[in-house]
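Those sequence lines, one after another, are chains H and B. Here full-length UniProt numbering is used: the first residue of the first sequence is 1, the next is one more, and so on. Here full-length UniProt numbering is used: the first residue of the second sequence is 1, the next is one more, and so on.
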Amino acid sequence: MNSLPPMVKPARALGKLFVRSVTLAHGGGGKAMKDLIDDVFIRAFDGRGLPLEDQARIELADIAARGDRLAFTTDSFVVDPLVFPGGDIGKLAVCGTVNDLAVGGARPLYLSCAAIIEEGLAIDELREIANSMSATAREAGVKIITGDTKVVQRGCCDKLFLTTTGVGVIHAGTRLGVDRAQAGDVVLVNGMLGDHGAAILCARGDMMLEAPIVSDCACLHGLIEALLDAAPGIRFIRDATRGGAATVLNEIAEASGVAIEIDEDATPIRAEVKAFCEILGLDPLYLANEGKLIVVAPAAQADDAVAAMRAHALGRSACRIGQVTGDDGGRVTMRTTLGGRRIVDMLVGEQFPRIC
Amino acid sequence: MKYVEEFRDSAKARALVKEIERLVAVIGPNGRPIHIMEVCGGHTHSIFRYGLEGMLPKSIELVHGPGCPVCVLPMGRVDDCVSIAQDEGVIFTTFGDAMRVPGSTKSLLQAKADGADVRMVYSPLDALAVARKNPDRQVVFFGLGFETTMPSTALTILQAEREGVENFSVFCNHITIVPTIKAILDSPDLRIDGFLGPGHVSMVIGTAPYAFISSFYKKPMVVAGFEPLDILQSIWMLLKQIAEGRCEIENQYARIVPDQGNDAALNAVNRVYELREFFEWRGLGSIDRSGVRLRKEYARFDAERKFDLPNVRIADPKSCQCGEVLKGVIKPWQCKVFGSACTPETPLGALMVSSEGACAAYYQYGGLKQSQAAE
Ligand code: SF4
């Protein structure tokens with residue numbers, strides 16, 4: 001009688017990836033894929049010991065105890081280069097989704113993370129990014145509880161794409177909306193604009209320009225909590241990511257049917273970023289940020305809001321940049337340094353550097 | 001930024017505007033506004049960026065001239081670019097703002113989306129670096145611009161020659177400013193009272209080549225810098241000339257522009273290029289001796305000789321009034337298709353494409369003076 005050899009199965013140990021870079025085998029659904037997930041993601045996300053299943057399960061009672069509405073958001077991250085001064089795609093993917101929840105007044109709780117990896121990406125680089133995600137999530141007090149990994153052929157994606165989805169809870173009583181701005185309101189920011197966009201452009205290295213500019217990538221929910229405590233009447237908060245401050249201002253003006261006027265001299269932009277934009281013919285108002293908020297507050301609470309932001313590490317240079325005016329609905333203008341006025345419109349497509 | 005902030009002082013600006021108002025009063029009404037043309041796209045950009053137009057008295061009208069090289073590029077040349085770029089063995093390199101200019105079927109941006117290897121660079125030297133890195137591909141640089149960018153393309157070709165780089169060439173569309181100003185001055189519907197001269201171009205050619213403008217055409221010109229105070233001061237200098245009945249070539253930008261120009265740059269330009277008999281401009285038609293091509297000695301760096309080009313002349317769309325806008329005959333918003341058929345998303349004319357184009361600038365930065373006038 002043929003008998004099967006006895007099952008000798010060593011306990012699964014982590015850390016058994018011996019190859020240097022990701023191959024298509026790591027996306028095949030078999031052992032190599034499990035090793036990649038275990039060794040890179042589970043290890044980083046502190047998920048050891050948990051049974052891995054197709055879904056994370058969340059206690060409803062726990063959610064209900066924290067607020068009266070669930071906030072739910074998703075975003076994909078495709079930055080080049082993967083690592084840049086001030087952050088990396090992993091940190092960005094956590095901060096971005098945490099901020100998308102927080103600007104709606106939600107307390108961020110859980111994240112999912114889907115990774116699309118181009119074959120050939122160095123395992124060490126991937127590990128570094130996963131660790132950075134984990135550290136950022138830990139600091140922000142959110143848990144990464146489910147995820148997905150795909151590997152695609154060389155050329156089918158650019159090294160690594162991450163998608164994070166987030167769930168948070170909105171406290172009863174918080175009401176924020178892009179359509180709530182009113183004439184007389186004040187527009188605030190929590191600091192210097194354009195750092196992230198300029199840092200990424202510099203880091204790409206094809207500008208032949210080096211500038212000491214660091215991305216402002218940060219999780220802002222702590223700052224937002226402090227802000228809403230100090231100025232509960234705040235009408236609207238949005239993080240000024242792609243499209244920059246100018247785009248958010250236009251969205252507010254359009255949705256609320258108001259005009260907004262900002263003051264160029266009051267708008268905080270780092271000298272390095274200004275100089276960088278001058279050289280390339282870019283407008284810093286349209287550069288992306290990853291740690292900057294545009295806040296619309298009723299005039300009576302504006303000082304409290306600025307003070308609360310300044311008391312927080314991520315809002316030291318918070319200030320007023322303009323106000324909501326009644327007339328000229330939907331239009332954003334800027335009082336220029338020279339005392340002239342110009343329209344700040346939505347950008348069409350991408351900003352291209354000018355020729356001369 | 002210290003050096004720069006000095007040129008953006010609002011108190012000084014207000015004082016200058018006051019002086020400008022005073023001069024306008026001295027000149028007095030002659031039944032029509034004073035038309036000042038800024039030849040250079042860089043000036044157009046600063047004027048909109050700082051809202052200068054709205055600060056000036058209503059009786060001054062700024063005319064945004066032909067000085068954006070992207071805006072005056074004829075459609076046929078864009079088609080040639082697309083044709084080169086679609087060659088499998090080619091990496092086509094270009095300045096960013098030329099990517100969106102419409103050709104007769106597509107722009108470079110669309111060609112890129114369709115699979116052509118089109119890459120944005122910041123200088124011709126970057127393009128040469130791409131060529132060094134890709135010895136098995138042909139790397140073509142889209143040479144574009146007035147005398148401002150002409151020397152850097154020439155120096156890059158000289159560098160490629162020194163290094164013996166075989167796979168690098170330039171699709172030369174460089175144009176030269178003097179015949180262009182002359183063509184504007186010769187146009188029968190001319191309404192210009194004075195010119196702001198192009199600062200960056202003058203850095204290379206100096207101020208002497210403009211002498212004919214004052215001596216022959218009796219129009220004043222002030223070569224102007226690009227900071228907002230530079231522009232206001234230059235307008236003031238022009239008005240002063242008009243008020244005093246003078247017409248001279250003055251140099252407001254003397255801190256950068258030497259009257260005699262830059263020898264090293266001019267040498268490189270003269271070594272590498274020769275004038276073409278004529279060159280086609282979008283909106284302005286063919287202008288004699290207004291463009292340059294590579295000399296025979298540099299034929300192996302000349303994409304026009306290396307590649308088989310369609311070289312078709314394509315007429316501007318009938319509805320497009322870019323030419324009249326460029327000559328200051330109408331304002332951008334008076335064009336029949338402005339904001340309807342022609343927008344930055346779907347540009348019909350090139351003036352809508354580059355951020356330096358008068359139409360795009362009006363569309364995006366908004367002509368506050370225009371809308372105030374309409375109120
Ligand atoms: S609106 Fe379009 S077609 Fe008309 S002048 Fe401007 S760019 Fe040319």
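Glycine residues also receive a C-beta, built at the ideal position from the N, C-alpha and C atoms.
Backbone CA spacing between residue i and residue j [nearest angstrom]
{"i": "ALA13 of chain H", "j": "ASP46 of chain H", "result": "Because ALA13 of chain H sits at a pLDDT of 49, beneath the cut-off of 50, its placement in the model cannot be relied upon, and the point is left open."}
{"i": "ASP79 of chain B", "j": "VAL325 of chain B", "result": "24 Å"}
{"i": "CYS68 of chain B", "j": "ILE58 of chain H", "result": "59 Å"}
{"i": "ALA11 of chain B", "j": "LEU338 of chain H", "result": "8 Å"}
{"i": "GLU280 of chain B", "j": "GLY340 of chain H", "result": "37 Å"}
{"i": "LEU238 of chain B", "j": "ALA255 of chain H", "result": "45 Å"}
{"i": "GLY141 of chain H", "j": "ARG204 of chain H", "result": "31 Å"}
{"i": "CYS156 of chain H", "j": "GLY29 of chain H", "result": "19 Å"}
{"i": "VAL258 of chain H", "j": "LEU284 of chain B", "result": "42 Å"}
{"i": "CYS342 of chain B", "j": "LYS58 of chain B", "result": "27 Å"}
{"i": "THR163 of chain H", "j": "GLY243 of chain H", "result": "20 Å"}
{"i": "SER50 of chain B", "j": "VAL169 of chain H", "result": "Checking the displayed sequence, the identity of residue 50 of chain B turns out to be Tyr instead of Ser. Their backbone Cα atoms lie some 44 Å apart in a straight line."}
{"i": "PRO198 of chain B", "j": "MET221 of chain B", "result": "10 Å"}
{"i": "CYS359 of chain B", "j": "LEU227 of chain H", "result": "42 Å"}
{"i": "LEU193 of chain H", "j": "ALA13 of chain B", "result": "26 Å"}
{"i": "LYS318 of chain B", "j": "LEU190 of chain B", "result": "22 Å"}
{"i": "CYS202 of chain H", "j": "LEU160 of chain H", "result": "20 Å"}
{"i": "ILE343 of chain H", "j": "GLY184 of chain H", "result": "19 Å"}
{"i": "CYS219 of chain H", "j": "ALA154 of chain B", "result": "49 Å"}
{"i": "ARG154 of chain H", "j": "GLY120 of chain H", "result": "7 Å"}
{"i": "LEU109 of chain B", "j": "LEU73 of chain B", "result": "16 Å"}
{"i": "CYS81 of chain B", "j": "VAL118 of chain B", "result": "10 Å"}
{"i": "GLU375 of chain B", "j": "GLY329 of chain H", "result": "Below a pLDDT of 50, predicted positions are generally treated as unreliable, and GLU375 of chain B, at 41, falls in that range; no measurement from the model is reported."}
{"i": "CYS320 of chain B", "j": "PHE41 of chain H", "result": "57 Å"}
{"i": "TRP333 of chain B", "j": "LEU351 of chain B", "result": "12 Å"}
{"i": "residue 384 of chain B", "j": "GLU147 of chain B", "result": "The structure shown has nothing for residue 384 of chain B, since chain B only spans 1 to 375."}
{"i": "VAL121 of chain B", "j": "ARG313 of chain B", "result": "27 Å"}
Residue i, buried or exposed, once every other Cβ within 10 Å from all chains shown has been counted against 16
{"i": "VAL26 of chain B", "result": "exposed"}
{"i": "PRO212 of chain H", "result": "exposed"}
{"i": "ARG293 of chain B", "result": "buried"}
{"i": "THR149 of chain H", "result": "buried"}
{"i": "SER354 of chain B", "result": "buried"}
{"i": "ARG107 of chain H", "result": "buried"}
{"i": "PHE18 of chain H", "result": "exposed"}
{"i": "ARG175 of chain H", "result": "exposed"}
{"i": "PRO102 of chain B", "result": "buried"}
{"i": "ARG132 of chain B", "result": "exposed"}
{"i": "ALA271 of chain H", "result": "exposed"}
{"i": "ASN267 of chain B", "result": "exposed"}
{"i": "GLU163 of chain B", "result": "exposed"}
{"i": "GLY89 of chain B", "result": "exposed"}
{"i": "ASP193 of chain B", "result": "buried"}
{"i": "ILE279 of chain H", "result": "exposed"}
Nearest-angstrom Cβ-Cβ length linking residue i and residue j, presumed shorter than 8 Å
{"i": "PRO268 of chain H", "j": "CYS319 of chain H", "result": "6 Å"}
{"i": "GLY143 of chain B", "j": "PHE171 of chain B", "result": "6 Å"}
{"i": "ALA102 of chain H", "j": "GLY147 of chain H", "result": "The Cβ separation is near 21 Å, so there is no contact."}
{"i": "SER234 of chain B", "j": "ALA224 of chain B", "result": "4 Å"}
{"i": "LEU70 of chain H", "j": "VAL178 of chain H", "result": "Going by Cβ atoms, the distance from LEU70 of chain H to VAL178 of chain H rounds to 19 Å, so no, they are not a contact pair."}
{"i": "LEU282 of chain H", "j": "GLN351 of chain H", "result": "5 Å"}
{"i": "THR207 of chain B", "j": "ILE249 of chain B", "result": "5 Å"}
{"i": "VAL186 of chain H", "j": "ALA302 of chain H", "result": "4 Å"}
{"i": "LEU111 of chain H", "j": "ALA137 of chain H", "result": "6 Å"}
{"i": "LEU196 of chain B", "j": "HIS35 of chain B", "result": "The pair is not a contact, with the Cβ atoms about 12 Å apart (cut-off 8 Å)."}
{"i": "ASP195 of chain H", "j": "SER215 of chain H", "result": "6 Å"}
{"i": "residue 376 of chain B", "j": "ALA111 of chain B", "result": "The structure shown does not extend to residue 376 of chain B, since chain B spans only 1 to 375, so no value can be given for it."}
{"i": "VAL24 of chain B", "j": "ILE60 of chain B", "result": "7 Å"}
Q: Could you list the residues in the region 336 to 347 of chain H with a C-beta less than 7 Å from some C-beta on chain B, going in chain order?
A: The region 336 to 347 of chain H vs chain B, Cβ under 7 Å: THR336, THR337, LEU338, GLY339, GLY340, ARG341, ARG342, ILE343 and ASP345.
Q: Starting from the N-terminal end, write out each residue whose C-beta falls within a distance shorter than 6 Å of any non-hydrogen atom of the ligand SF4.
A: Taken from the N-terminal end onward, the list reads B:CYS320, B:GLN321, B:CYS322, B:VAL325, B:PRO332, B:CYS335, B:VAL337, B:PHE338, B:CYS342, B:LEU348, B:GLY349, B:LEU351, B:MET352 and B:CYS359.
Q. Any residues in the region 140 to 173 of chain B with a beta carbon nearer than 7 Å to a beta carbon of chain H? Which ones, in chain order?
A. Of all residues in the region 140 to 173 of chain B, LEU144, GLY145, THR148 and THR149 have a Cβ within less than 7 Å of some Cβ in chain H.
**Q.** Under 8 Å (Cβ pairs) to chain H, residues found in the region 48 to 64 of chain B
**A.** Result list: PHE48, ARG49, TYR50, GLY51, LEU52, GLU53, GLY54 and MET55.
Q) Which residues, in order along the region 219 to 251 of chain B, keep a beta-carbon less than 9 Å from a beta-carbon of chain H? A) From the region 219 to 251 of chain B, only PRO228, LEU229 and LEU232 have a Cβ closer than 9 Å to chain H.
Q. When you check each C-beta in the region 12 to 29 of chain B against every C-beta of chain H, which residues fall closer than 7 Å?
A. For the region 12 to 29 of chain B, which is checked against every Cβ of chain H, the residues closer than 7 Å are ALA13 and ARG14.
(Q) Beta carbons nearer than 9 Å to chain H: which residues of the region 349 to 365 of chain B have them? (A) The residues in question are SER354, SER355, GLU356, ALA360, TYR363, GLN364 and TYR365.
**Q.** Contacting positions in the region 289 to 314 of chain B - beta carbon closer than 7 Å to chain H
**A.** Residues of the region 289 to 314 of chain B that bring their beta carbon within less than 7 Å of a beta carbon in chain H are absent altogether.
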